[in-house]
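Chains as they are written, first to last, in the UniProt record's numbering: chain L, 1 to 346; chain Y, 1 to 346. Glycine is no exception: its CB is placed at the ideal position from the N, C-alpha and C atoms.
Protein chains: 2
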Amino acid sequence: MWRLRNWPRAEIDRIELCMSKPPTIRDVARLSGVSTATVSRYFTGKTDAISPETIENVRNAAKVLGYTPSEIGRSLRLARSRVVVMLVPDATNPFTADVAASVEQALKEYGLSMVLANASENAEQQDRLLADAQGLRARAIVLQGAIDTPRLRDMASRQDNLIFVNRRPAPGIVAPYVGIDNFAAGFAVGKYFVDRGYENYVAIHGPRHYSGSTERLDGFLAGLGEMRPVLQFESPYTMEAGYRQGQLLLADRSRRYAVFCGNDMIAYGVYRAALEKDIRVPEDLVIFGFDDNRLNEWLAPWLSTVKVPAFEFGPAIAKLINAPIATNDQDRNVILPFTMMTRTSA
Amino acid sequence: MWRLRNWPRAEIDRIELCMSKPPTIRDVARLSGVSTATVSRYFTGKTDAISPETIENVRNAAKVLGYTPSEIGRSLRLARSRVVVMLVPDATNPFTADVAASVEQALKEYGLSMVLANASENAEQQDRLLADAQGLRARAIVLQGAIDTPRLRDMASRQDNLIFVNRRPAPGIVAPYVGIDNFAAGFAVGKYFVDRGYENYVAIHGPRHYSGSTERLDGFLAGLGEMRPVLQFESPYTMEAGYRQGQLLLADRSRRYAVFCGNDMIAYGVYRAALEKDIRVPEDLVIFGFDDNRLNEWLAPWLSTVKVPAFEFGPAIAKLINAPIATNDQDRNVILPFTMMTRTSA
DNA sequence: CTGAAAGCGCTTACAG
DNA sequence: CTGAAAGCGCTTACAG
Chain L
1 MWRLRNWPRA
11 EIDRIELCMS
21 KPPTIRDVAR
31 LSGVSTATVS
41 RYFTGKTDAI
51 SPETIENVRN
61 AAKVLGYTPS
71 EIGRSLRLAR
81 SRVVVMLVPD
91 ATNPFTADVA
101 ASVEQALKEY
111 GLSMVLANAS
121 ENAEQQDRLL
131 ADAQGLRARA
141 IVLQGAIDTP
151 RLRDMASRQD
161 NLIFVNRRPA
171 PGIVAPYVGI
181 DNFAAGFAVG
191 KYFVDRGYEN
201 YVAIHGPRHY
211 SGSTERLDGF
221 LAGLGEMRPV
231 LQFESPYTME
241 AGYRQGQLLL
251 ADRSRRYAVF
261 CGNDMIAYGV
271 YRAALEKDIR
281 VPEDLVIFGF
291 DDNRLNEWLA
301 PWLSTVKVPA
311 FEFGPAIAKL
321 INAPIATNDQ
331 DRNVILPFTM
341 MTRTSA
Chain Y
1 MWRLRNWPRA
11 EIDRIELCMS
21 KPPTIRDVAR
31 LSGVSTATVS
41 RYFTGKTDAI
51 SPETIENVRN
61 AAKVLGYTPS
71 EIGRSLRLAR
81 SRVVVMLVPD
91 ATNPFTADVA
101 ASVEQALKEY
111 GLSMVLANAS
121 ENAEQQDRLL
131 ADAQGLRARA
141 IVLQGAIDTP
151 RLRDMASRQD
161 NLIFVNRRPA
171 PGIVAPYVGI
181 DNFAAGFAVG
191 KYFVDRGYEN
201 YVAIHGPRHY
211 SGSTERLDGF
221 LAGLGEMRPV
231 LQFESPYTME
241 AGYRQGQLLL
251 ADRSRRYAVF
261 CGNDMIAYGV
271 YRAALEKDIR
281 VPEDLVIFGF
291 DDNRLNEWLA
301 PWLSTVKVPA
311 FEFGPAIAKL
321 INAPIATNDQ
331 DRNVILPFTM
341 MTRTSA
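As structure tokens, this is what we get:
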């Protein structure tokens, strides 16, 4: 039976009155009549070394008090937190949202939580969030779309808990990378365009400060072969921007352009610009996207694109974070597979 | 000039060798030749009480060491963390993603970070995440789409840092609410259907364990007037589910149904089912959505829907979290406006 | 303007 | 099987 030892009246009052602050390990210890060490052992799963009766006492006391061990106290003591910060360029991008969901899910299985931080495609913002992540003593910092800044370099040189996602670390930074081979994917699209006999090539690629954008573009150019002229536009990875570029491009209706877009969002924008001008896809305009985010299946089933396996990122990243440090350097680069999804738009 | 006082050789070695663990306030204190109290004052902005020379010393030492104050130490000392946990039913839903982005953004301005936790429409999962949030000693727990469980009730009775978003707390739980008036919105849709002369009413509403779903449905029924028969289907808030319900419904092609969907995702699914059967919208089928998530503008510009102002949630929630406690109870219920967006599908 | 000291909630090696 | 004690990184009232 559960018995309360050493439970003075003052204690009862404290329990009943004090909803203001959460109970501590000491409260549980006092209520169950054991030391904090024992309570701690209970909550860290070292139950082999506790008598069944004591276990029962502690369990009940914790329940009565509504006690959950403080991660803050634990983190301080163990000198490591269970928080992983994920820095993304645009949290409202559906592909990014899927990658983040995948990471969150996978980390949970290791008992880690994820803080999502939205850099909004802004270097200063990113640096501020990096500082925050450092302040949290994040177990790891996962950077999707990192912008190369002095602060990032400084951090990378001091710590080894940075992980780069889908865009490689800038030259000079040594850190694990998880993502596809962007060059190869771009190459495949270029080659496909040539094989299909398309002409009038256009690349609406993403921002140059992301290595991924440049790699995709370079791959595309290489896949086309060197001699081809290619119209190149730099664009943010948004529908709005794609729409604007599309309007610009389609002002000239004399040619049938074949457009490789930096991601699906840009492709959606271009498509809309085409729709508004009664330009048919693919008859009058060829469009190729990138990512194959989940919306395609439902809202843009016509879009040919490169499928990036969003839901494989989480497991790969979680594994990296929990791997014994300093395993083979090669194991710390995870190259995920991509797939050409050719549908009707190209 | 910046001068290093009391800087023994051992210290230098420690700095140069030790990239393993982050520097502490003591390291900075030693390097700049002051006490930790002074360093702390510097980082908490109490610079009025420090001499300019000292300030300079501390700043430089911190820079050399790459020091950022530990939120863990700070949180433990101040007995409050700067983390807000946001629990969502489905992080990959674009509307949810927008609300989360809005919250994250708004909290940042108060120096708070947001942890996104994905309950995946699962009560057990939710309870586990609630426990985690409690472990983190979250400043606040924001629940979008809370499922009524004993654990949630227990927490709500012990703490006052829970905030319910877009779905009201279950009866018996006293906590602030931020969201629209779901009943009124449903009512408006019902009334609109009647005014337009639609018949053959269908409601594909969200899960009943969310108060928001039921409120929308009840409002819709009230708006139609009591005498009308209405086909009712319960459905998860996903495209997949909407698609399935749509297929079921449209097996009977003899009538022109007028369908009120629990959210836009369901509406997309129904639309797709219609497309596949060559059923025209709105000629052969009327569809009304809910949320007006950002995709509509680009990928479903035909969808009539109720616009819920996703980006107003963040500021409202952040304000609530940072408000002096126990302000007027009424101020702790924030009812945001909704808008009827009638486009071509209804 | 500055420092010594206490203490926030934990865990664990050590001693019994 | 259990407890006393040290210490993780901070902040702040107090004393000077």
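Under three-state DSSP, which class holds Q126 (chain L)?
-> Within the first sequence, residue 126 (chain L) is the residue found at index 126, counting from 1. The answer is helix: DSSP assigns Q126 (chain L) an H, G or I state.
Looking at chain L, which residues of the UniProt domain "HTH lacI-type" (23–78) of chain Y have a Cβ within less than 7 Å of any of its Cβ atoms?
-> Answer set for the UniProt domain "HTH lacI-type" (23–78) of chain Y: G66, T68, P69, S70, E71, I72, G73, S75, L76.
Do you know how far the Cα of R77 (chain L) is from the Cα of W298 (chain Y)?
-> Mapped onto the second sequence, residue 298 (chain Y) falls at position 298. Mapped onto the first sequence, residue 77 (chain L) falls at position 77. Answer to the nearest angstrom: the Cα atoms are 50 Å apart.
If you pair each beta-carbon of the stretch 306–324 of chain Y with each one of the stretch 89–106 of chain Y, do three or more pairs fall below 8 Å?
-> yes
Could you name the residues that DSSP lists as bridge partners for H205 (chain Y)?
-> Position 205 of the second sequence, counting from 1, holds the residue named residue 205 (chain Y). The bridge partners DSSP lists for H205 (chain Y) are Y:E234.
Going by DSSP, name the residue or residues bridged to S70 (chain L).
-> Counting from one through the first sequence, the residue named residue 70 (chain L) turns up at place 70. Bridge partners of S70 (chain L): none, in fact.
Between which two residues does the beta strand (DSSP E) containing V88 (chain Y) stretch?
-> Here residue 88 (chain Y) is taken as the residue at index 88 of the second sequence, counted from 1. Start and end: 83–88.
Residue from L:G289, L:V34, L:A318 with nearest C-alpha to Q105 (chain L) | The sequence position of residue 105 (chain L) within the first sequence is 105, counting from 1. Closest option to Q105 (chain L), Cα to Cα, is L:A318.
Under 7 Å, do S213 (chain L) and H205 (chain L) count as touching if we go by C-beta distance?
-> If you number the first sequence from 1, residue 213 (chain L) lands on position 213. If you number the first sequence from 1, residue 205 (chain L) lands on position 205. A contact, by the Cβ cut-off of 7 Å.
Under 8 Å by Cβ, that's how I've got Y257 (chain Y) and A300 (chain Y) pegged, so tell me the actual separation to the nearest angstrom.
-> Indexing the second sequence from 1 puts residue 257 (chain Y) at position 257. Indexing the second sequence from 1 puts residue 300 (chain Y) at position 300. 19 Å between Cβ atoms; not a contact.
Measuring only between beta-carbons, confirm whether M239 (chain Y) sits less than 7 Å from chain L.
-> On the second sequence, position 239 is the one that residue 239 (chain Y) refers to. Yes, M239 (chain Y) lies at the interface with chain L (some Cβ there is under 7 Å from its Cβ).
To the nearest angstrom, report how far apart N333 (chain Y) and S345 (chain L) are at their CA atoms.
-> Residue mapping note: residue 333 (chain Y) aligns to position 333 of the second sequence, counting from 1. Residue mapping note: residue 345 (chain L) aligns to position 345 of the first sequence, counting from 1. About 48 Å.
For D291 (chain Y), the residue or residues it bridges with in DSSP | Translated into positions along the second sequence, residue 291 (chain Y) becomes position 291. In DSSP, D291 (chain Y) forms a bridge with Y:K307.
Give every residue of the same chain whose Cβ lies closer than 8 Å to the Cβ of G172 (chain Y), excluding the five residues on either side of it in the sequence, and list them in chain order.
-> Along the second sequence, read from residue 1 onward, the residue named residue 172 (chain Y) stands at position 172. Within the same chain, G172 (chain Y) has close Cβ partners R153.
Would you tell me roughly how many angstroms separate the C-alpha atoms of A310 (chain L) and G73 (chain L), rounded to the nearest one?
-> The sequence position of residue 310 (chain L) within the first sequence is 310, counting from 1. The sequence position of residue 73 (chain L) within the first sequence is 73, counting from 1. So the two alpha carbons sit approximately 35 Å from each other.
Members of the stretch 88–104 of chain Y that neighbour chain L once the beta carbon cut-off is set at 9 Å | Within the stretch 88–104 of chain Y, the qualifying residues are D90, A91, T92, N93, P94, T96, A97, D98, A100, A101, E104.
Residue of L:N293, L:D148, L:T54 minimising C-alpha distance to E121 (chain L) = Here residue 121 (chain L) corresponds to residue number 121 of the first sequence, with the count starting at 1. Selected option, being the one with the closest Cα: L:D148.
Report, in whole angstroms, the separation of the C-beta atoms of G223 (chain L) and F187 (chain L), which I expect to be a contact under 8 Å.
-> Here residue 223 (chain L) corresponds to residue number 223 of the first sequence, with the count starting at 1. Here residue 187 (chain L) corresponds to residue number 187 of the first sequence, with the count starting at 1. Going by Cβ atoms, the distance from G223 (chain L) to F187 (chain L) rounds to 4 Å, so yes, they are a contact pair.
Mind the definition here: the stretch 231–251 of chain L touches the stretch 268–286 of chain L only if three or more C-beta pairs lie below 8 Å; say whether that holds.
-> yes
Of all Cβ atoms in chain L, is any one closer than 7 Å to the Cβ of A131 (chain Y)?
-> Here residue 131 (chain Y) is taken as the residue at index 131 of the second sequence, counted from 1. At a cut-off of 7 Å, the C-beta of A131 (chain Y) has a neighbouring C-beta in chain L.
Locate the alpha helix (DSSP H) running through G212 (chain Y), then write down its first and last residues.
-> To locate residue 212 (chain Y), count along the second sequence from 1; it is residue 212. Note, G212 (chain Y): alpha helix (DSSP H), 211–224.
Using a threshold of 7 Å, state whether the C-beta atoms of F95 (chain Y) and V189 (chain Y) are closer than that.
-> In the second sequence, residue 95 (chain Y) corresponds to position 95, counting from 1. In the second sequence, residue 189 (chain Y) corresponds to position 189, counting from 1. Taking 7 Å as the Cβ cut-off, F95 (chain Y) and V189 (chain Y) do not qualify as a contacting pair.
Pair every Cβ in the stretch 193–203 of chain L with every Cβ in the stretch 157–177 of chain L, then say whether three or more of these pairs are closer than 8 Å.
-> no
Endpoints, beta strand (DSSP E) assigned at Q144 (chain Y) | Counted from its first residue, the second sequence places residue 144 (chain Y) at position 144. It spans 140–144 - the beta strand (DSSP E) in which Q144 (chain Y) sits, taken as one unbroken run.
Mapping DSSP to helix, strand and coil, what is A117 (chain Y)?
-> Taking the second sequence and counting its residues from 1, the one referred to as residue 117 (chain Y) is at position 117. Here A117 (chain Y) sits in strand by DSSP.
If you measure beta-carbon to beta-carbon, which residues of the stretch 278–300 of chain L are closer than 9 Å to chain Y?
-> Listed by position, the residues of the stretch 278–300 of chain L near chain Y (Cβ gap below 9 Å) are R294, L295, E297, W298, L299, A300.
State the CB to CB distance for the pair R216 (chain L) and A185 (chain L), rounded to an integer number of angstroms; the pair is presumed to be in contact (CB under 8 Å).
-> Counting from 1 along the first sequence, the entry for residue 216 (chain L) is found at position 216. Counting from 1 along the first sequence, the entry for residue 185 (chain L) is found at position 185. Confirmed, about 6 Å.
Grouping DSSP H, G and I as helix and E and B as strand, with all else coil, what is V58 (chain L)?
-> The residue labelled residue 58 (chain L) in the question sits at position 58 within the first sequence. Collapsing the DSSP output to three states places V58 (chain L) in a helix.
Less than 7 Å separating the beta-carbons of E71 (chain Y) and L136 (chain L)?
-> For this step, residue 71 (chain Y) is matched to residue 71 along the second sequence. For this step, residue 136 (chain L) is matched to residue 136 along the first sequence. In contact: E71 (chain Y) and L136 (chain L) (Cβ atoms closer than 7 Å).
Residues near R151 (chain Y) in its chain [Cβ-Cβ closer than 7 Å; skip 5 each side] = Position 151 of the second sequence, counting from 1, holds the residue named residue 151 (chain Y). Within the same chain, R151 (chain Y) has close Cβ partners D127, L130.
Under the three-state reduction of DSSP, which class applies to V259 (chain Y): helix, strand or coil?
-> If you number the second sequence from 1, residue 259 (chain Y) lands on position 259. V259 (chain Y) falls in the strand class under three-state DSSP.
Under three-state DSSP, which class holds Y110 (chain Y)?
-> Counting from one through the second sequence, the residue named residue 110 (chain Y) turns up at place 110. Here Y110 (chain Y) sits in coil by DSSP.
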